[in-house]
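Written below as structure tokens is the structure these notes are about.
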Amino acid sequence: MNLFQAIIIAIVEGLTEFLPVSSTGHMIIASSAFGIGHEDFTKIFEVSIQ
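This note's numbering puts the sequence shown at residues 104 to 153.
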């Protein structure tokens, strides 16, 4: 994951956190849409920004 991808995932998390739907689901969809792999660092990053 590069810096641009991290910023995109953080923006998606920030925008969807207050909605009454799963922000985690939106992060998974955004990761797939932008081709972000699910390596160990990505998983740790997603957990840490939640």
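Using N, Cα and C, we set each Cβ at its ideal position, and we do this for glycine too.
#1: Nearest-angstrom Cα distance between A133 and G140?
#2: Where do the N-terminal and C-terminal ends of the alpha helix (DSSP H) with V150 fall, by residue?
#3: Please look up how many angstroms separate the CB atoms of M130 and I114, rounded, as I've assumed it's under 8 Å.
#4: Determine the contact status of Q153 and T127, defining contact as a CB-CB distance below 8 Å.
#5: For E149, count neighbouring Cβ atoms within 10 angstroms of its own Cβ and tell me buried if that reaches 16, exposed if not.
In short, the structure shows the following:
#1: 11 Å
#2: Start and end: 143 to 152.
#3: Not really, about 10 Å apart at Cβ, beyond 8 Å.
#4: yes
#5: buried
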